[in-house]
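Take a look at the structure below.
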Amino acid sequence: MGHFDKTTCDCCVCPMQCALEQLVEPQTQINVIVTTLGTISIFLGTFTLTEVKDFIAKTNVEIDITICQIITVGFQTLPTDFKLKPVRKDIVGECVCCEDPMTNLLVGKIGTNISIPSGGIISAGVKDVGEGIVLLDNINMGVGIPITPFGITSTCLLDAIGPPS
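Take a look at the structure:
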């Protein structure tokens with residue numbers, strides 16, 4: 096990835112792109128993508144990512160999504176070599192006030208359950224935290240929606256977390 100001088104591209108979009116790239120080759124089954132404008136795919140069944148590059152995620156159901164708008168991606172299996180970028184402490188730029196606060200808060204929540212009220216997540220376990228991304232497990236999005244085993248959420252686009260509902 097290129098250097099973006101500590102903008103949201105650097106600490107938010109690039110980490111999401113790197114995480115999504117790891118879901119392409121094992122053809123990880125995805126069952127939900129939540130964007131800043133709504134939820135894609137809850138009723139499409141599962142689908143896969145076919146390509147992730149140039150800040151666009153392409154799917155096998157011909158839906159292309161701009162990565163900077165992705166809040167959460169829920170998927171069925173966690174690739175064995177899945178890695179998040181390490182958490183960094185930024186000194187300047189948008190990352191200091193946008194990504195760092197929520198990332199640092201979530202580091203202290205690893206191993207606990209949280210909710211993400213505005214994202215429709217009633218309960219999820221915080222499995223790991225990396226730069227710009229929190230890895231969740233056992234995601235409950237409510238009545239009629241099966242538990243999603245794993246998910247990644249942008250810490251940059253999280254507006255609030257709370258206790259499980």
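Heads up, the sequence shown is in the working numbering, so the first residue is 96 and it goes up one at a time. All C-beta atoms in this analysis are idealised placements derived from N, C-alpha and C, irrespective of residue type, glycine included.
Three Cβ pairs or more, each shorter than 8 Å: is that satisfied between the region 182-194 and the region 143-160?
Cβ pair count under 8 Å is below three, so no.
When the Cα atoms are used, what is the spatial distance from E116 to L144?
Straight-line spacing of the CA atoms in E116 and L144 works out to 8 Å.
Chain-order list of residues whose beta-carbon lies under 8 Å from that of T141 (same chain, five-residue window excluded)
The residues are Q124, I125, N126, Q171.
Compute the beta-carbon to beta-carbon distance between L179 and A114, rounded to the nearest angstrom, for a pair I have assumed lies under 8 Å.
Indeed they touch by this definition, with Cβ atoms about 7 Å apart.
What runs of the beta strand (DSSP E), each 3 residues or longer, lie entirely inside the region 139-174?
Every beta strand (DSSP E) of 3 residues or more that sits fully in the region 139-174 is shown, in chain order, as 144-148, 151-154, 159-161, 165-170.
I217 and P174 look like a contact to me (Cβ under 8 Å); what is the Cβ gap, rounded to whole Å?
The beta carbons of I217 and P174 sit about 26 Å from each other, so the pair does not count as a contact at 8 Å.
Considering only C-alpha positions, which residue in the set M111, I166, D176 is nearest to E120?
For E120, the closest C-alpha among the options M111, I166, D176 is that of D176.
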